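Only one structure is covered here, and it is reproduced in the block below.
There are 2 protein chains.
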Amino acid sequence: MSHFADRLLHRIQELENPTVVGLDPRLDSIPEFIKDRMVDEYGATLEAVAAAILIFNRGIIDAVSDIVPAVKPQIAFYEQYGHAGMLAYEQTCEYAQQQGMIVIGDAKRNDIGSTAEAYAAGHLGTVDVFGEAQEIIKADALTVTPYLGSDGILPFTRLCAERGKGIFVLVRTSNPSSDEIQGVPVGDELMDEYVAGLVQNWGAELIGESGFSSVGAVVGATYPEEARNLRHRMPEQIFLVPGYGAQGGSAEDVKPCFYKEGKGAIVNSSRGIIFAYQALNMPEEAFDEAARKAALAMKEDLRIVF
Amino acid sequence: MSHFADRLLHRIQELENPTVVGLDPRLDSIPEFIKDRMVDEYGATLEAVAAAILIFNRGIIDAVSDIVPAVKPQIAFYEQYGHAGMLAYEQTCEYAQQQGMIVIGDAKRNDIGSTAEAYAAGHLGTVDVFGEAQEIIKADALTVTPYLGSDGILPFTRLCAERGKGIFVLVRTSNPSSDEIQGVPVGDELMDEYVAGLVQNWGAELIGESGFSSVGAVVGATYPEEARNLRHRMPEQIFLVPGYGAQGGSAEDVKPCFYKEGKGAIVNSSRGIIFAYQALNMPEEAFDEAARKAALAMKEDLRIVF
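Sequence lines, in order, name chains R and Z. Adding 7 to a residue's 1-based position in the first sequence gives its number in my numbering. Adding 7 to a residue's 1-based position in the second sequence gives its number in my numbering.
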């Protein structure tokens, strides 16, 4: 089990591409020809939904796995379909890993210690199935929410140490109302800056040869000034940066999240890549080709950080 | 669709019991005879785990549904087993509703607006399955985390209004490190007090005939002073109170969460009820009887709030 941050940064350097493709398979944007085929096979059922999601994701993964280091499946878009969706999530993670991609599960989990242990086991560890340790979800990292403090985080960092996994803690999210809590003044700093201090502590013992910790931070592209500030406060954290593209962030906006040579951050794009066939007015059968095109354009756009 | 808060409080009054049983089915505490039977039937598989969880939960639900108003399945203990576990979660929620219990899903979900919509659809609403609206998880309410602010909450409150559902927003959790973020001073108040103000606003348009909102708050029993304070700040919120029993909180500790006549709060106990056969030294075959005994003892213990 190599070190998560080292592994991720190595792959980013190798591909000269600090991006991650968000696998948010909204059913109404998945090409009709895929859905039709699945309905033919399984009927108009949840199984057909799950199969359509998986086939779509495999198409995207096949199209980008040699140019993009990582994928970030957003579990909400799977979980909403219950157990059928969860199976598609598990299969998506496994397939992406098989194709050599790093998998960052976007679940924003959080709970008290003993419950966080169960989340950690399922997403980053193993669970005991009548004496046999089984790995349920094949992911390399998970996003988590800090609201409950250290004892909700430590079950995850333990597995980071033991199994070469990573976490990204929400510090500053990309949505319009993130200021309501994250931007509140706490003494002479803002809440997100205060949380940044906690995150740095949580990651202090998980620093790899790269100088970066396997405890990273989610820092939205939509607040570039705040990102610059957070970059100083969390020198060892890799930033997972949502908000680029469809959410409005530009390459200039994400630049403050990076050090030199594209180090220290990875930028997410979801809709902008996976449903690029719509924006590019390409036929839906070419959804994978369109995704590759968009991924290459994003890589090019982010050249300024290298 | 009646109003969630009204419905919950009505059932609490009817049973004179402001408690909720936490369904946290830790596999190693589930009676061996149930696991053995399931392994005989399904082999030592995830399906056997899921089936054992469901059978155990049904035993608990059958034992308490006429004396306890609600159950709170903690999704982490299901999700850790992947899609098999999710099926057990869905089946547990459905069975509890069929037995007349109110179901509070404990998932602490949180995300940006468009993603929160997917969580809300799955947990409290319906999803579109090729033109047919399907209800995936049969729950009456869900716990959510406020770190992303309003636009992560509104997709849930919309469904509260449309479908008579409820949410409980984390304000003050029961774990030792909850002070790290929730107890931080923000101006002349603490973070949890500040969040209480947000929660009150989020719930302002969802107040029922009972005077209570379908937007409730999670307030841990382990901080009674803070609970008293939060009770004043959120007069319309029903408090979902973890931390009683196994986590150390007493009836005196939870009292500040209540108004007169047991109104305004519901107290959770998980291990203390569902695995009572262990503490009571009863045979594991009597796990259900033990749970009923413990539930009645808890009701008696909480008489002081009525």
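Don't be surprised by glycine CBs; every beta carbon is placed ideally from N, CA and C. Bear in mind that the values here come from a model prediction, so they are computed numbers and not experimental data.
Rounded C-alpha distance that separates ILE62(Z) from GLU292(R): 46 Å
DSSP state of SER276(R) mapped onto helix, strand, coil: strand
Identity of the residues DSSP links to SER257(R) by a beta bridge: Partner(s): none; SER257(R) has no beta bridge.
Own chain, CB closer than 8 Å to LEU303(Z), minus 5 neighbours either side, in chain order: ILE74
Residues that DSSP places opposite SER220(R) in a beta bridge: DSSP output for SER220(R) lists ILE214(R) as bridge partner(s).
Cβ shell of ASP113(Z) (< 6 Å), same chain only, five flanking positions each side left out: LYS79, GLN81, THR150
Contact under 8 Å by Cβ, ILE144(R) with GLY129(R): yes
Chain-ordered neighbours of HIS90(Z) on chain R, where CB pairs are closer than 7 Å: HIS90, MET93, LEU94, GLU97
Unbroken beta strand (DSSP E) run spanning ARG310(Z), endpoints: Neither: ARG310(Z) is in no beta strand (DSSP E) and is coded neither H nor E.
Exposed unless 16 or more other CB atoms sit within 10 angstroms - verdict on HIS239(R): When all chains shown are included, HIS239(R) counts as exposed.
Stretch pair the region 39-51 of chain R + the region 88-97 of chain R: three plus CB contacts closer than 8 Å: Flag = no, the region 39-51 of chain R and the region 88-97 of chain R do not touch.
Cross-chain neighbours of LEU131(Z) in chain R, by beta carbon under 9 Å: Result: empty, since nearest Cβ-Cβ is about 11 Å, beyond 9 Å.
Status (buried if at least 16 other CB within 10 Å, exposed otherwise) for SER6(R): Given that chain R is displayed from residue 8 to residue 313, the structure contains no residue 6(R) and the question cannot be resolved.
Sufficient close CB pairs (3 or more, under 8 Å) joining the region 9-19 of chain Z to the region 209-229 of chain Z: yes
Stretch pair the region 264-273 of chain Z + the region 208-216 of chain Z: three plus CB contacts closer than 8 Å: no
Cβ-based neighbour list, ALA123(Z), same chain, cut-off 6 Å, excluding 5 preceding and 5 following: GLY159, PRO162
Contact the region 270-290 of chain Z vs the region 24-31 of chain Z: 3+ CB pairs below 8 Å: yes
Proximity to PRO290(Z) [Cα-Cα], best of MET198(Z), SER36(Z), HIS17(Z), TYR49(Z): SER36(Z)
Ranges of the alpha helix (DSSP H) found wholly within the region 74-113 of chain Z, counting only runs of at least 4: Restricting attention to alpha helix (DSSP H) runs no shorter than 4 residues, the region 74-113 of chain Z encloses them at 83-86, 89-105, ordered along the chain.
Backbone CA spacing between PHE265(Z) and VAL206(Z) [nearest angstrom]: Cα-Cα distance, rounded: 18 Å.
Unbroken beta strand (DSSP E) run spanning SER175(R), endpoints: Reading off the sequence shown, one finds Phe at residue 175(R), where the question assumed Ser. Start and end: 173-179.
Any beta strand (DSSP E) of 3 or more consecutive residues that is wholly inside the region 124-168 of chain Z: Segments of the beta strand (DSSP E) lying fully in the region 124-168 of chain Z: 134-136, 139-141, 148-151.
CB contact check: LEU34(Z) to chain R, cutoff 8 Å: yes
Distance between LYS115(Z) and MET93(Z) (C-alpha atoms, nearest Å): Their backbone Cα atoms lie some 16 Å apart in a straight line.
Positions along the region 140-151 of chain Z whose CB lies within less than 8 Å of some CB in chain R: GLN141, ILE143, ILE144
Reference ASN117(Z), options ILE109(Z), MET108(Z), ALA127(Z), ILE111(Z), closest by Cα: Nearest C-alpha to ASN117(Z): ALA127(Z).
Beta-carbon contacts of ASP260(Z) that lie in its chain and below 6 Å, excluding the five residues immediately before and after: For ASP260(Z), where only same-chain residues beyond five positions count, the Cβ hits under 6 Å are ALA228, PRO231.
8 Å Cβ cutoff met for ALA3(R) and ILE111(R): Missing from the structure shown is residue 3(R); chain R here goes from 8 to 313 and no further.
Residues from the region 102-128 of chain Z in contact with chain R, defined by Cβ distance under 7 Å: LYS115, ASN117, ASP118, ILE119, GLY120, THR122, ALA125, TYR126, ALA128
CB contact check: SER185(Z) to chain C, cutoff 8 Å: Judged by its chain identifiers, the structure shown contains no chain C, and its protein chains are R and Z.
Residue span of the alpha helix (DSSP H) that contains VAL71(R), given as start and end: 53-71
Selection from LEU247(Z), TYR49(Z), ILE214(Z), SER181(Z) that minimises the alpha carbon distance to CYS167(Z): The candidate whose alpha carbon is nearest that of CYS167(Z) is ILE214(Z).
Chain R contact for ALA51(Z) (CB, 8 Å cutoff): The C-beta of ALA51(Z) comes closer than 8 Å to at least one C-beta of chain R.
Minimum C-alpha distance to GLY138(Z) - residue among LEU247(R), ALA55(R), ASP199(R), VAL178(R): ALA55(R)
Residue(s) in a DSSP beta bridge with LEU282(R): Looking at the sequence itself, residue 282(R) is Phe, so the reference to Leu does not match. Answer is none; PHE282(R) lacks a bridge partner.
GLN105(R) versus VAL71(R) - alpha carbon distance: 13 Å
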